[in-house]
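A short write-up of the structure that comes next.
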């Protein structure tokens, strides 16, 4: 049997089909480059979609209530804590505002930020007349949810495209193996 027949004949198709199946399922790493397989690319796509959803959630909760009222409130106190790693100060604010009917409302910010705040700082607030205690601070750091959505969309697109390529590779490998 000649070398050409080994490469282009049944043994060559079998080896090529097996390599394509392995590459499609788990990816074949080369020096300096790690490639994910079918499940890894699917996982990347799902993680990207989750981050897009998280960005949408954060953006929605930093927007004024559709049926609410916007007022300017004032920071009444600032609590300083530490980040999870303990190396960075984190600030959370307590805020006071007055509703349209003259009711004074105090509430604590639901999250914390690395941006320092001072007592007396003005903040934009949105609240619903039926439940002003569920007010939220709006209009700050609007780029954060957009950045989370952008990175998530990029990861999702790359993961989904890689999944499609891996699926085609797997199908091509199976087709070559079936022709043995």
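In the numbering used here, the protein residues as written are 3 to 182.
Even for Gly, the Cβ is constructed at its ideal location relative to N, Cα and C.
Between residue 154 and residue 48, the beta carbon gap of about 11 Å keeps them out of contact (Cβ cut-off 8 Å). Under the criterion of beta carbons closer than 8 Å, residue 120 and residue 167 do not qualify as touching, at roughly 53 Å. Our two residues, residue 63 and residue 27, have alpha carbons roughly 40 Å apart in a direct line. According to DSSP, residue pairing for residue 129 in a beta bridge involves 71. Ranking 163, 70, 172 by CA distance to the CA of residue 44 puts 163 first. Residue 150 sits away from residue 139, with the two beta carbons spaced by 7 Å or more.
C-alpha of residue 58 to C-alpha of residue 156: approximately 15 Å in a straight line. Only buried fits residue 171, as 16 or more other CB atoms lie within 10 angstroms of its CB.
In the DSSP assignment, residue 110 falls within the unbroken beta strand (DSSP E) covering 106 to 110. Taking 7 Å as the cut-off, the beta carbon of residue 99 is found closer than this to the beta carbon of residue 73. Across the structure, residue 111 and residue 53 are spaced so that their CA atoms are roughly 23 Å apart.
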